[in-house]
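Q: Have a look at this one before I ask anything.
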Amino acid sequence: MQTYYCRDNTENVPYCTTGGNQGYIRNQSYIWEGQSKDTEKPSVWKSAISLILEALQHSEKENMARKKRVAFILVDGLADVSIPSLGLRTPVQAASTPNIDAMARAGVNGLMDPVEPGLACGSDTAHLSLLGYDPLIYYRGRGAFESLGAGLAMSPGDIAFKSNFATIDDASGIVTSRRADRHFEEEGPILCEALNGLKLPSFPKYQVCVRYATEHRCGVVVKGPRLSGNISGTDPLKDNRPLQVVVPLDDSEEAKHTAAIVNELSQEMRRILTAHPLNAQRQSQGKSIANVVLLRGCGIRIEVPAFQEKHGLVPCMVAPTKIIAGLGLSLGIDILDAPGATGDYRTILTSKAVAIAGALSAPSKSTPSIFIPGEEDSKPGRSEGYDFGFLHIKAIDDAGHDKAVELKVRAFEAVDVMIGQLARLLLEEEASREKFEYSLCITGDHSTPVEYGDHSFEPVPFTICHLKDFVVAKGGESVVLRTDLSPFNLPLAGSSALAALAEQASARGCCDSCDPPVAGDSVVRFDEISAARGCLGRFQGSEMMGIIKKYIHL
Numbered sequence: 001m002q003t004y005y006c007r008d009n010t011e012n013v014p015y016c017t018t019g020g021n022q023g024y025i026r027n028q029s030y031i032w033e034g035q036s037k038d039t040e041k042p043s044v045w046k047s048a049i050s051l052i053l054e055a056l057q058h059s060e061k062e063n064m065a066r067k068k069r070v071a072f073i074l075v076d077g078l079a080d081v082s083i084p085s086l087g088l089r090t091p092v093q094a095a096s097t098p099n100i101d102a103m104a105r106a107g108v109n110g111l112m113d114p115v116e117p118g119l120a121c122g123s124d125t126a127h128l129s130l131l132g133y134d135p136l137i138y139y140r141g142r143g144a145f146e147s148l149g150a151g152l153a154m155s156p157g158d159i160a161f162k163s164n165f166a167t168i169d170d171a172s173g174i175v176t177s178r179r180a181d182r183h184f185e186e187e188g189p190i191l192c193e194a195l196n197g198l199k200l201p202s203f204p205k206y207q208v209c210v211r212y213a214t215e216h217r218c219g220v221v222v223k224g225p226r227l228s229g230n231i232s233g234t235d236p237l238k239d240n241r242p243l244q245v246v247v248p249l250d251d252s253e254e255a256k257h258t259a260a261i262v263n264e265l266s267q268e269m270r271r272i273l274t275a276h277p278l279n280a281q282r283q284s285q286g287k288s289i290a291n292v293v294l295l296r297g298c299g300i301r302i303e304v305p306a307f308q309e310k311h312g313l314v315p316c317m318v319a320p321t322k323i324i325a326g327l328g329l330s331l332g333i334d335i336l337d338a339p340g341a342t343g344d345y346r347t348i349l350t351s352k353a354v355a356i357a358g359a360l361s362a363p364s365k366s367t368p369s370i371f372i373p374g375e376e377d378s379k380p381g382r383s384e385g386y387d388f389g390f391l392h393i394k395a396i397d398d399a400g401h402d403k404a405v406e407l408k409v410r411a412f413e414a415v416d417v418m419i420g421q422l423a424r425l426l427l428e429e430e431a432s433r434e435k436f437e438y439s440l441c442i443t444g445d446h447s448t449p450v451e452y453g454d455h456s457f458e459p460v461p462f463t464i465c466h467l468k469d470f471v472v473a474k475g476g477e478s479v480v481l482r483t484d485l486s487p488f489n490l491p492l493a494g495s496s497a498l499a500a501l502a503e504q505a506s507a508r509g510c511c512d513s514c515d516p517p518v519a520g521d522s523v524v525r526f527d528e529i530s531a532a533r534g535c536l537g538r539f540q541g542s543e544m545m546g547i548i549k550k551y552i553h554l
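Going by full-length UniProt numbering, the sequence shown opens with residue 1, and the numbers climb by one from there.
Quick look at the structure:
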């Protein structure tokens, strides 16, 4: 293998490697500009350019017969800040992630601002941006995403809310806890059933639909004439603040009318929940009661070009987190069933890997079934398979919100194990049939620092590699094919001391112990600091799909 270095990089970061493992660099045009302007280049430099061109052309011809498919892993709330208890390292730096580090060594890396620099974005706006849809143009509130993902069909003119079961003090009207109970998977559906179809005394023509989502969340849809999505919500956004009164956000009669409807809806929900025997039972057990539903993010279903039409890739998604599933549905993305994947700490990550691998391996393997809003039964997936498999992981974001340092580290290590399983499943298909050429990509949608417990504005690391180069970085096919495919649970907090994690982080930070890169750039680890040295530089989320398509030569 030969490696060539970009002339303007004082650190001799590899520009490109030949010998079957070549990398794509975002500022690739520099070499072509240099070639045209520098007429007195040394013959060695001319030879290097010729070899690079020859390698790229040979690789392109060799791979044209294989269909390009991408496994895209999105780790919600991935990035973080330096934490004193971890020796001033981030949870990503502290985690032991041999598979994800192999991806970094095998591909190209960079830092990404999911929407724009300095913006602490939500998951919905971030996902829109990453998938190529400008949130400033297309975003219409998160309520429709949550409700679609929860299984509520929406028609034009309907409005929807992203909603929480919460606890309110009846005497003062203060919301004492915005999350009645994060572990609400048994009781949440019962309360949703009690609320579904409730009647509004002053607005009898309007229909209310409620469906349980995940944890403390539910989707709420209101159907009827003259509804507007341009209203505020009832959620105070922080604990120990008053329940908000819905107000119109413009002067239209529709907005004023809708605000009145939603205020009555909030009151009726509160009345039904207060009287429900389940809450009396929770109170007798010393648990917080779920006596109010917080309504926020009022929105309508967006109308956008389908993902396949926009990018030329047939997409699928595994996303038990309902707001992400609903966003995918809004973009024309099939949502795969993955039994055991829950979108919280109880999730079985192996199930997600198996679902995505099956979807990317069809038609030689059967695709998982897909979810359709408003229908009880799943439908068969696309028999020809999919080109872009989006795998969403929520638990790391939950750990950030819960300020659980150790859990965020261990959960990310679990993601690393899952990626090893996914790589094995894809390699078995790629090696046996030689029909597909797979690439692996991993990044986050925003930072959720455990020190803050909320979203922040730090950029997220990004890496993409070809599966064949990942195999080289891991030491060969035999190593990857020995990966254990047994399902596993996320580790619980408290399994190791923070001091041990700090020591692990320090050891991982030593470059002397790192294997060298095998393709792409000089990055050898996946974390917020190492990614800054990658050849992709720092870029905005709106550029991500373009980078992915360029990398796979689409």
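Heads up, the beta-carbon is just placed ideally off N, CA and C, and yes, glycines get one too.
1) Need the endpoints of the beta strand (DSSP E) that C298 sits in, please.
2) Which residues does DSSP list as the beta-bridge partners of M317?
3) Taking the DSSP output, what are the residues bridged to V222?
4) Three or more C-beta pairs under 8 Å: does that hold for the stretch 352-361 against the stretch 167-178?
5) Determine the DSSP secondary structure at E437, reduced to helix, strand or coil.
6) Do the stretch 338-356 and the stretch 372-380 touch if we need at least three Cβ pairs shorter than 8 Å?
7) Report the rounded CA-to-CA distance for M545 versus C441, giving the unit in angstroms.
8) Thinking C-alpha only, which one of H455, H183, P315, R346 is nearest V78?
9) Determine, using beta-carbon pairs with one atom in the stretch 190-206 and one in the stretch 261-273, whether at least three such pairs fall under 8 Å.
10) What's the gap between the Cα of V81 and the Cα of Y452?
11) Let me confirm a value: I552 is counted as buried when at least 16 other C-beta atoms fall within 10 Å, else exposed. Which label applies?
12) If we ignore side chains and look at the alpha-carbon of each, how far apart do T367 and L329 end up?
13) Does DSSP put N21 in a helix, a strand or coil?
14) DSSP beta-bridge partners for H466?
15) Apart from the five residues just before and just after T483, which ones in its own chain have a Cβ nearer than 8 Å to its Cβ?
16) In whole angstroms, what is the alpha-carbon distance linking residue 560 and K474?
17) By the 10 Å Cβ neighbour count, where 16 or more other Cβ atoms means buried, how is N489 classified, buried or exposed?
18) Going by DSSP, name the residue or residues bridged to M112.
19) If we count the other Cβ atoms within 10 Å of its Cβ and call it buried at 16 or more, is A306 buried or exposed?
20) How many angstroms separate the CA atom of L74 from the CA atom of A275?
21) Please report the residue range of the alpha helix (DSSP H) in which F72 lies.
22) Given a threshold of 16 other Cβ atoms within 10 Å of its Cβ, counted over all protein chains shown, does I137 qualify as buried or as exposed?
23) Within a Cβ cutoff of 7 Å, which residues of the same chain sit near F184, ignoring the five residues on either side of it in sequence?
24) Give me the Cα-Cα distance between D113 and R66, rounded to the nearest whole angstrom.
25) Apart from the five residues on each side of it in sequence, which residues of its chain come closer than 6 Å, Cβ to Cβ, to R301?
26) Ignore the nearest five residues each way along the sequence and tell me which others in residue 577's own chain have a CB closer than 6 Å to its CB.
27) Secondary structure at E472, three-state DSSP: helix, strand or coil?
28) Hey, R140 and G229 are a contact pair by Cβ (cut 8 Å); roughly how many whole angstroms apart?
29) Round the Cβ separation of R142 and D124 to the nearest angstrom and send it over; I've been treating them as touching at under 8 Å.
30) Short check: CB of G219 to CB of E146, under 8 Å?
31) Quick check: what's the CA-CA separation for residue 558 versus G149?
32) Residue range of the alpha helix (DSSP H) that I324 falls in?
33) Kindly indicate which three-state DSSP category G546 falls into: helix, strand or coil?
34) Tell me the DSSP bridge mates of L444?
35) H311 and G132: beta carbons closer than 8 Å?
36) When the distance is taken between beta carbons, is K68 closer than 8 Å to D387?
A: So, to answer that:
1) Taking the sequence shown and counting its residues from 1, one reaches residue 298 at position 298. Note, C298: beta strand (DSSP E), 292-299.
2) To locate residue 317, count along the sequence shown from 1; it is residue 317. Per DSSP, I335, F390.
3) On the sequence shown, position 222 is the one that residue 222 refers to. V222 is bridged to I159, V208.
4) no
5) As a working mapping, residue 437 is identified with position 437 in the sequence shown. Note: E437 maps to strand in three-state DSSP.
6) no
7) By 1-based counting over the sequence shown, the position of residue 545 is 545. By 1-based counting over the sequence shown, the position of residue 441 is 441. Answer to the nearest angstrom: the Cα atoms are 11 Å apart.
8) The residue you call residue 78 lines up with position 78 of the sequence shown. Per the sequence presented here, residue 78 reads as Leu, with Val not at that position. For the residues H455, H183, P315, R346, the minimum Cα distance to L78 belongs to H455.
9) yes
10) Taking the sequence shown and counting its residues from 1, one reaches residue 81 at position 81. Taking the sequence shown and counting its residues from 1, one reaches residue 452 at position 452. C-alpha separation (whole angstroms): 10 Å.
11) Here residue 552 corresponds to residue number 552 of the sequence shown, with the count starting at 1. Classification for I552: buried.
12) Position 367 of the sequence shown holds residue 367. Position 329 of the sequence shown holds residue 329. Approximately 18 Å, taken between the alpha carbons.
13) Start at 1 with the first residue of the sequence shown, and residue 21 comes out as number 21. The predicted position of N21 is uncertain, since its pLDDT is 39 and thus under 50; no value can be drawn from it.
14) The residue labelled residue 466 in the question sits at position 466 within the sequence shown. Answer is S439, bridged to H466.
15) One-based indexing of the sequence shown puts residue 483 at position 483. For T483, where only same-chain residues beyond five positions count, the Cβ hits under 8 Å are G420, Q421, A423, R424.
16) Since the first residue shown for the chain is 1 and the last is 554, residue 560 is missing from the structure and cannot be characterised.
17) The residue you call residue 489 lines up with position 489 of the sequence shown. N489 should be labelled exposed.
18) Position 112 of the sequence shown, counted from the start, is the residue given in the question as residue 112. Partner(s): V460, F539.
19) As a first step, residue 306 is located in the sequence shown; it is residue number 306 there, counting from the start. Burial call: exposed.
20) Stepping through the sequence shown from its first residue, residue 74 is reached at position 74. Stepping through the sequence shown from its first residue, residue 275 is reached at position 275. Each residue's Cα considered, the two are about 41 Å apart.
21) Numbered from 1 along the sequence shown, position 72 holds the residue referred to as residue 72. That residue, F72, is in no alpha helix (DSSP H); its beta strand (DSSP E) goes 67-75.
22) Here residue 137 is taken as the residue at index 137 of the sequence shown, counted from 1. It is exposed - the Cβ of I137 has fewer than 16 other Cβ atoms within 10 Å.
23) Against the sequence shown, residue 184 aligns to sequence position 184. Around F184: F165, E215, H216.
24) Start at 1 with the first residue of the sequence shown, and residue 113 comes out as number 113. Start at 1 with the first residue of the sequence shown, and residue 66 comes out as number 66. Going from the Cα of D113 to the Cα of R66 covers about 32 Å.
25) Within the sequence shown, numbered from 1, the residue matching residue 301 stands at position 301. Cβ neighbours of R301 beyond the five flanking positions: A144, M154.
26) Since the first and last residues shown for the chain are 1 and 554, residue 577 lies out of range.
27) Here residue 472 refers to the residue found at position 472 of the sequence shown. The amino acid occupying residue 472 in the given sequence is Val; Glu does not appear at that position. Helix at V472.
28) On the sequence shown, residue 140 is found 140 positions in, with the first residue counted as 1. On the sequence shown, residue 229 is found 229 positions in, with the first residue counted as 1. R140 to G229, Cβ: 6 Å. Contact.
29) Taking the first residue of the sequence shown as position 1, residue 142 is located at position 142. Taking the first residue of the sequence shown as position 1, residue 124 is located at position 124. The pair is a contact, with the Cβ atoms about 5 Å apart (cut-off 8 Å).
30) Taking the sequence shown and counting its residues from 1, the one referred to as residue 219 is at position 219. Taking the sequence shown and counting its residues from 1, the one referred to as residue 146 is at position 146. Yes, Cβ-Cβ distance for G219 and E146 is below 8 Å.
31) Past the boundaries of the shown model lies residue 558; the chain is included only from 1 to 554, so the question cannot be answered.
32) As a position in the sequence shown, residue 324 is number 324, starting the count at 1. Per DSSP, I324 belongs to the alpha helix (DSSP H) from 322-330.
33) By 1-based counting over the sequence shown, the position of residue 546 is 546. Helix, per DSSP.
34) Residue 444 sits at position 444 when you count from the first residue of the sequence shown. The amino acid at residue 444 is misidentified as Leu; the sequence shows Gly. Its beta-bridge partners are V75.
35) Numbered from 1 along the sequence shown, position 311 holds the residue referred to as residue 311. Numbered from 1 along the sequence shown, position 132 holds the residue referred to as residue 132. Yes. Within cutoff.
36) Here residue 387 refers to the residue found at position 387 when the sequence shown is read from its first residue. Here residue 68 refers to the residue found at position 68 when the sequence shown is read from its first residue. Taking 8 Å as the Cβ cut-off, D387 and K68 qualify as a contacting pair.
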